[in-house]
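> My structure is below; once you've seen it, I'll send some questions.
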Ligand code: GTQ
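In the working numbering, the protein residues as written are 109 to 454.
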């Protein structure tokens, strides 16, 4: 005789669910196939933020609130599938930050790691651990977790950069901390360019021992990365999907520059028509140079300089260049690699 019970009618099950709901428990079988899916399922959707549309809004925000009052005057780039959640992918935050001539964005520190990718204007600085860096378009700058940082603009033009932070990752772990410095700006204890001299010349201070997972080099000037890509574009055939693509590294470890965020710079030669590619790390792209297209399914995103676009996890896309293009990008790949989760498919 079988001891397998006959299925109960729906009404009986619903009554059971209501009863156990009061004890904060729920039946797995009603949600199993949404929880454990055959392939990545995310509310993050492909999207493009057009500089032409957003640049006037960013400047307009400068007339509405000061950097002092706002602490950070940023327009958050929210993924259209994740509105109200202050994130551009399910795991990463992005925003466009504006600092006007004469302004200071006061010193604070937080457990979230940040990257800055300079979009327009020169002459503003960010200070990290007592060292100032003057920003230029295309520079990639790191603010490591729990380091004091303030921004200022002693120059004569508005400066706008793309912020990328691991806010949702730190929130997932419930590990958020934040502190404001008493002073508006930190005292400078290093001269500008020291970190580049110590860590950015293919050398390290003798007997150097890394003190954290974040790169001790926190300024990666565009000029150098761009020159490397130009040389490679003459020397090698482009990768079928990526063109000529380099990843930024922590020079002390060879690993990713930040524990939670990977960053890349790639050059697509003029007329490049990339093969389809996907990976599990939803990726944010910022266009530095050139006009091109990102295609997925039967849709096309047309991009031009300073546009930002997103390709979600496991969305197959291909890149096409109408002119020679340079793209900066970032994703949560270091976390996925550390957890043995990262996959890609060409
Ligand atoms: O510059 O420290 O876009 O704390 C969001 C939070 C920038 C910053 C953001 C921040 C910062």
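For every residue, glycine included, the Cβ atom is placed at its ideal position computed from N, Cα and C.
1. Using a threshold of 7 Å, is the CB atom of residue 382 nearer than that to any non-hydrogen atom of the ligand GTQ?
2. Give me the Cα-Cα distance between residue 454 and residue 364, rounded to the nearest whole angstrom.
3. Just to confirm the assignment, what range does the beta strand (DSSP E) spanning residue 202 have?
4. List the residues that DSSP assigns as beta-bridge partners of residue 128.
5. Given this structure, state the Cα-to-Cα distance separating residue 426 from residue 152, to the nearest angstrom.
6. What's the gap between the Cα of residue 449 and the Cα of residue 237?
7. Residue 178: beta carbon under 7 Å from a heavy atom of the ligand GTQ?
8. Tell me residue 258's beta-bridge partners as DSSP assigns them.
9. Mapping DSSP to helix, strand and coil, what is residue 426?
10. If you measure between the beta carbons of residue 204 and residue 268, is that distance less than 8 Å?
11. Could you tell me whether the segment 400 to 416 touches the segment 276 to 287, using the rule of 3 or more Cβ pairs below 8 Å?
12. My understanding is that residue 133 touches residue 220, with C-beta atoms under 8 Å, so please give their C-beta distance in whole angstroms.
13. Rounded to whole angstroms, what's the CA-CA distance from residue 169 to residue 228? Just pull it up for me.
14. Since residue 176 is in the alpha helix (DSSP H), which residue starts that stretch and which ends it?
15. Pick from 381, 251 and 433: whose alpha carbon is nearest that of residue 234?
16. Does the beta carbon of residue 326 sit closer than 8 Å to a beta carbon anywhere in chain B?
17. Can you give the beta carbon distance from residue 370 to residue 324, rounded, assuming they're within the 8 Å contact cut?
18. Helix, strand or coil for residue 271 per DSSP?
19. Compare the C-alpha of residue 224 against each of 154, 328, 146 and 309 and name the closest.
20. Quick one: residues in its chain with C-beta nearer than 6 Å to the C-beta of residue 394, no 5 flanking neighbours on either side, listed in chain order?
21. Look at the alpha carbon of residue 173 and the alpha carbon of residue 128, and state the distance between them as a whole number of angstroms.
22. Would you call the CB atoms of residue 380 and residue 428 closer than 8 Å?
23. Can the beta-carbon of residue 145 be found closer than 8 Å to that of residue 390?
24. Roughly how many angstroms separate the alpha carbons of residue 244 and residue 160, rounded to a whole number?
25. With distance defined between alpha-carbon atoms, name the residue in 376, 392, 439 and 387 nearest to residue 430.
26. By the DSSP assignment, the beta strand (DSSP E) with residue 224 in it spans what residues?
27. Please confirm whether residue 135 and residue 125 have their CB atoms less than 8 Å apart.
28. Assign residue 241 to one of two classes, buried (16 or more other C-beta atoms within 10 Å of its C-beta) or exposed (fewer than that).
29. Just to confirm, are residue 261 and residue 232 a CB contact at a threshold of 8 Å?
30. How many angstroms separate the CA atom of residue 157 from the CA atom of residue 207?
31. Taking only the alpha-carbon atoms, compute the straight-line gap between residue 121 and residue 110 and give it to the nearest angstrom.
32. State yes or no: is the C-beta of residue 274 nearer than 7 Å to some heavy atom of the ligand GTQ?
33. Taking the straight line between their C-alpha atoms, what separation do you get for residue 344 and residue 350?
34. Residues in the same chain with beta-carbon distance under 8 Å from residue 264, minus the five sequence neighbours each way, listed in chain order, please.
Concretely, from the data shown:
1. It does not: the Cβ of residue 382 is nowhere closer than 7 Å to a heavy atom of the ligand GTQ.
2. Distance between the alpha carbons of residue 454 and residue 364 is about 22 Å.
3. For residue 202, the enclosing beta strand (DSSP E) stretches over residues 201 to 207.
4. Its beta-bridge partners do not exist; DSSP assigns none.
5. When rounded, the distance between both Cα atoms is 18 Å.
6. Straight-line Cα distance between these residues: approximately 33 Å.
7. Not so, every heavy atom of the ligand GTQ lies at least 7 Å from the Cβ.
8. Among the bridge pairs identified by DSSP, residue 258 is matched with 235.
9. Secondary structure at residue 426: strand, using DSSP grouped into helix, strand and coil.
10. Yes, they are a contact pair.
11. Taking 8 Å as the limit for Cβ pairs, the verdict is that the segment 276 to 287 does not touch the segment 400 to 416.
12. Under the criterion of beta carbons closer than 8 Å, residue 133 and residue 220 do not qualify as touching, at roughly 34 Å.
13. Rounded to the nearest angstrom, the two C-alpha atoms are 16 Å apart.
14. Residue 176 -> alpha helix (DSSP H) spans 175 to 178.
15. Answer by Cα proximity: 251.
16. As a matter of chain content, chain B is missing from the structure shown, which is built from one protein chain.
17. That belief does not hold up - the Cβ atoms of residue 370 and residue 324 are roughly 17 Å apart, past 8 Å.
18. Note: residue 271 maps to strand in three-state DSSP.
19. For the set 154, 328, 146 and 309, the Cα lying nearest the Cα of residue 224 is the one of 328.
20. Same-chain partners within the cutoff: 225, 270, 416 and 436.
21. So the alpha carbons of these two residues sit roughly 50 Å apart.
22. In contact: residue 380 and residue 428 (Cβ atoms closer than 8 Å).
23. Their beta carbons are not under 8 Å apart, which means residue 145 does not touch residue 390 by this criterion.
24. The straight-line gap from Cα to Cα measures roughly 20 Å.
25. If we check each option's Cα against that of residue 430, 376 comes out closest.
26. Note, residue 224: beta strand (DSSP E), 222 to 228.
27. Taking 8 Å as the Cβ cut-off, residue 135 and residue 125 qualify as a contacting pair.
28. Answer is buried; the Cβ neighbour count reaches 16.
29. Yes, Cβ-Cβ distance for residue 261 and residue 232 is below 8 Å.
30. Near 20 Å, if we compare the C-alpha coordinates of residue 207 and residue 157.
31. Cα to Cα, residue 121 sits roughly 22 Å from residue 110.
32. Because no heavy atom of the ligand GTQ lies under 7 Å away, the Cβ of residue 274 does not count as near it: no.
33. Between residue 344 and residue 350, the alpha-carbon positions lie close to 13 Å from each other.
34. Counting only Cβ-Cβ distances below 8 Å, and skipping sequence neighbours, we find 209 and 231.
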